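Engineer:
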Amino acid sequence: MKKLSILLVLFFLSTNIFGQSEKLNQLFTQYQDSQGVTTIKIAKPMFGMLNKLNIGDSELSKIKPLLSKIQGLNIMIMEKPTFPAELAAENKIPLQNYENQKNSVLSAIKAMKYEELMTVNSRDNKIKFLASEAKDGVLNDLLLNISSDESTILMMLDGKISMDDVSNLIEETKNVTALNPISSINSTSDENSKSERKVANFDGIEVSTGVSVKFTQAANQSVVVDVEPDKLKYIITEVENGVLKVFIRNNGVKNLSIRNLTVIVSAPKMNRIVTKSGASFQAMNTITDRALAVEATSGSRIDGKFDISSSAALQASSGSNIRMDLKTNALAIDVSSGSFVRLNGSGDNVAYSVSSGAALDGLGFTSKKATVSASSGSSVKLAVSDALTAQVSSAASVQYKGNPSNIVTDVKKITGASITQIN
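Residues -19 to -1, 1 to 404 (mature numbering (1 follows the signal peptide of the UniProt record, and there is no 0)) make up the sequence shown, in order.
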């Protein structure tokens, strides 16, 4: 009877994954003959025709790197009616029909329980990344909702896509930064200009709004902004409570386009790193300190090598990405909401908490003692030598390498959870 129950749960989990994709296909079919709607279904052999579709180059460039990994591509384009301003009063009904249709489609998608991994603002549109199910760091399908003033485009990538692929896709959307509206400005120079900023002393950093920071631990402190000359005034570098904050302030400018922005930072100490809203932090040499706190949210990214003598805390959420080579004594990691963490190095005592479709690859990080909590379709891979305590539930997966002599597990197999040794 117990075996039968487990088989039934696994069956329903697998049919739910298939059902989500099928429901989305049905939704596309339902609206294919509606006014102002174009639906396109492309099988893998026909991917070569993508360049002929009436979709902006920016949208196509984002998905092209994934085409070799998916089996099909479904696209729905809902175009907003256009007309001269003097005819606005006569066209209220077509506009209302467009809004009703768009809201109906988006409500149907919400009912399918697609989870929003993150939202990225690019120059001309807003891109939402959504997924239905994740297992072992792999999404069974990915849905992109690309909205602009002129249209709403839905792209379903049908196939198995890793969190690495999603992270790279998100990185592509950060090449152009768009901020909230009041007026408009365009770049007047293709040449970058470097500006050195004088700021107070700091030992932490917070980066946001798509800014890329390259950090070097060095004896002297410096902050240099490298961007087009006419955009220097929008790049803010200020210190608050010992934390250097780097971000873009658009000053009411609509569609502020900033390309090739890099902020080059050096300081003697760096023990707190926060990235938000598509920003990135890259350590150019090994950062050494007694303690370290790292937080990445909203599609941001942190890369680097760290030698921390006492303890470190890592947190990744909302589609963010951390890739770290770390040596420390004690480590606490919290990964959630479609984020991905890849960890190499070593530590004595490690606590992992991974949830909501997130993935952690720690096979290259050797710990003596590990405590793991995994839930809600998340995936954890780790290496442990002495002791392992694991609590796994709700279709989560834990894989461990090593031969710990002390193992304590609580695995809710009836919910599709699992733990396996992969030596």
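Beta carbons: idealized from backbone N, C-alpha and C, even for Gly.
Source: prediction; values computed, not measured.
Do you know whose CA, among ILE403, ASP367, ILE395 and ALA377, lies nearest VAL389's CA?
Structural biologist: As a position in the sequence shown, residue 389 is number 408, starting the count at 1. Ranking ILE403, ASP367, ILE395 and ALA377 by Cα distance to VAL389 puts ASP367 first.
Engineer: Is the beta carbon of SER189 closer than 9 Å to that of LYS235?
Structural biologist: On the sequence shown, residue 235 is found 254 positions in, with the first residue counted as 1. On the sequence shown, residue 189 is found 208 positions in, with the first residue counted as 1. Cβ distance not < 9 Å, so LYS235 and SER189 don't count as in contact.
Engineer: Going by Cα to Cα distance, which pick from ILE239, MET305, THR309 and GLY300 is closest to ALA272?
Structural biologist: On the sequence shown, residue 272 is found 291 positions in, with the first residue counted as 1. Comparing Cα-Cα distances from ALA272 to each of ILE239, MET305, THR309 and GLY300, the minimum goes to THR309.
Engineer: In this structure, how does DSSP classify ALA92 when only helix, strand and coil are distinguished?
Structural biologist: As a first step, residue 92 is located in the sequence shown; it is residue number 111 there, counting from the start. Residue state, collapsed to three classes: helix.
Engineer: So, is SER374 buried or exposed, given that buried needs 16 or more other C-beta atoms within 10 angstroms?
Structural biologist: One-based indexing of the sequence shown puts residue 374 at position 393. SER374 is buried by the Cβ-count criterion.
Engineer: If you pair each beta-carbon of the stretch 289 to 299 with each one of the stretch 310 to 329, do three or more pairs fall below 8 Å?
Structural biologist: yes
Engineer: Taking GLU209 and SER174 to be in contact with their CB atoms under 8 Å, please state how far apart those CB atoms are, rounded to whole angstroms.
Structural biologist: Translated into positions along the sequence shown, residue 209 becomes position 228. Translated into positions along the sequence shown, residue 174 becomes position 193. The beta carbons of GLU209 and SER174 sit about 7 Å from each other, so the pair counts as a contact at 8 Å.
Engineer: Report back the beta-carbon spacing between ALA112 and LEU98 to the nearest angstrom; my notes put them in contact at under 8 Å.
Structural biologist: Position 131 of the sequence shown, counted from the start, is the residue given in the question as residue 112. Position 117 of the sequence shown, counted from the start, is the residue given in the question as residue 98. 6 Å between Cβ atoms; contact.
Engineer: When we look at the beta-carbon of GLN198 and count the other beta-carbons within 10 Å, is it buried (16 or more) or exposed?
Structural biologist: Walking along the sequence shown from the start, residue 198 turns up at place 217. Of the other Cβ atoms in all chains shown, 16 or more fall within 10 Å of the Cβ of GLN198; this residue is therefore buried.
Engineer: Give me the residue from THR269, ASN330, ASP342 and LYS394 with the minimum Cα distance to ARG323.
Structural biologist: As a working note, residue 323 is residue 342 in the sequence shown. Measuring from the Cα of ARG323, the nearest candidate turns out to be ASP342.
Engineer: Please classify ASN325: does DSSP put it in a helix, a strand, or coil?
Structural biologist: In the sequence shown, counting from the first residue as 1, residue 325 sits at position 344. Shown here, ASN325 sits in a strand according to DSSP, grouped into three states.
Engineer: Looking at ILE403: is its Cβ nearer than 9 Å to the Cβ of TYR381?
Structural biologist: For the purposes of this step, residue 403 is taken as the residue at position 422 of the sequence shown. For the purposes of this step, residue 381 is taken as the residue at position 400 of the sequence shown. Result yes, Cβ atoms of ILE403 and TYR381 sit closer than 9 Å.
Engineer: Work out the CA separation of LYS286 and GLU187 for me, nearest whole Å.
Structural biologist: What you label residue 187 is simply residue 206 of the sequence shown in a count that begins at 1. What you label residue 286 is simply residue 305 of the sequence shown in a count that begins at 1. Looking at the two C-alpha atoms, the distance is approximately 18 Å.
Engineer: Out of ASN222, ASP211, GLY223 and PHE228, which one is the CA nearest neighbour of GLY191?
Structural biologist: Counting from one through the sequence shown, the residue named residue 191 turns up at place 210. Checking every option, the nearest Cα to that of GLY191 belongs to PHE228.
Engineer: Can you name the residues that DSSP bridges to LYS109?
Structural biologist: For the purposes of this step, residue 109 is taken as residue 128 along the sequence shown, with counting starting at 1. LYS109 is bridged to THR100 and ASN126.
Engineer: CA-CA distance, ASP139 and ALA181?
Structural biologist: Sequence index remark: in the sequence shown, residue 139 carries index 158 (1-based). Sequence index remark: in the sequence shown, residue 181 carries index 200 (1-based). About 50 Å.
Engineer: Quick check on the DSSP output: the beta strand (DSSP E) that includes LYS350 runs from which residue to which?
Structural biologist: Residue mapping note: residue 350 aligns to position 369 of the sequence shown, counting from 1. Unbroken beta strand (DSSP E) run through LYS350: 340 to 355.
Engineer: Using alpha carbons as the reference points, say which of LEU123, ASP14 and SER281 lies closest to ILE142.
Structural biologist: As a working mapping, residue 142 is identified with position 161 in the sequence shown. Of LEU123, ASP14 and SER281, the residue nearest in Cα terms is LEU123.
Engineer: Are GLY326 and GLY345 touching if we call contact CB-CB under 9 Å?
Structural biologist: Here residue 326 is taken as the residue at index 345 of the sequence shown, counted from 1. Here residue 345 is taken as the residue at index 364 of the sequence shown, counted from 1. In terms of Cβ geometry, GLY326 and GLY345 form a close pair [threshold 9 Å].
Engineer: With DSSP as the reference, label GLN13 as helix, strand or coil.
Structural biologist: For this step, residue 13 is matched to residue 32 along the sequence shown. In this structure, GLN13 counts as coil in the three-state DSSP scheme.
Engineer: Less than 6 Å between C-beta atoms, sequence neighbours within five positions excluded: which residues of the same chain meet that for SER261?
Structural biologist: One-based indexing of the sequence shown puts residue 261 at position 280. Excluding residues within five positions, the ones whose Cβ falls inside 6 Å are SER193 and ARG282.
Engineer: In the DSSP assignment, what are the bridge partners of TYR79?
Structural biologist: The residue given as residue 79 occupies position 98 in the sequence shown. DSSP output for TYR79 lists no bridge partner at all.
Engineer: Looking at C-alpha atoms only, which residue of LEU363, MET265, SER15 and SER292 is the closest neighbour of SER85?
Structural biologist: What you label residue 85 is simply residue 104 of the sequence shown in a count that begins at 1. Ranking the options by Cα distance to SER85, first place goes to SER15.
Engineer: Roughly how many angstroms lie between the CA atoms of TYR313 and GLY358, to the nearest whole one?
Structural biologist: Looking up residue 313 in the sequence shown gives position 332. Looking up residue 358 in the sequence shown gives position 377. Here the sequence assigns Ala to residue 313, which means Tyr is not the residue at that position. Taking the straight line from one Cα to the other gives about 20 Å.
Engineer: So what's VAL373 in DSSP terms, helix, strand or just coil?
Structural biologist: Counted from its first residue, the sequence shown places residue 373 at position 392. Of the three classes helix, strand and coil, the one that applies to VAL373 here is strand, per DSSP.
Engineer: Counting C-beta neighbours from all protein chains within 10 Å, is the total for ASN384 16 or more, i.e. buried, or is it exposed?
Structural biologist: For the purposes of this step, residue 384 is taken as the residue at position 403 of the sequence shown. Exposed, because fewer than 16 other Cβ atoms sit within 10 Å of the Cβ of ASN384.
Engineer: With SER132 as the anchor, note down where its beta strand (DSSP E) starts and where it stops.
Structural biologist: Reading the sequence shown from its first residue, position 151 is the one you call residue 132. Segment 132 to 143, the beta strand (DSSP E) holding SER132.
Engineer: Give a yes or no on whether the C-beta atoms belonging to ALA377 and VAL331 are separated by under 9 Å.
Structural biologist: For this step, residue 377 is matched to residue 396 along the sequence shown. For this step, residue 331 is matched to residue 350 along the sequence shown. Taking a C-beta distance under 9 Å as the contact criterion, ALA377 and VAL331 do not qualify as a contact pair.
Engineer: Does the distance from the C-beta atom of ALA264 to that of PHE196 stay below 9 Å?
Structural biologist: The sequence position of residue 264 within the sequence shown is 283, counting from 1. The sequence position of residue 196 within the sequence shown is 215, counting from 1. Yes.
Engineer: Count the other C-beta atoms from every protein chain shown that fall within 10 angstroms of the C-beta of ARG230, then say buried if there are 16 or more, exposed otherwise.
Structural biologist: Mapped onto the sequence shown, residue 230 falls at position 249. Its Cβ having fewer than 16 others within 10 Å, ARG230 is exposed.
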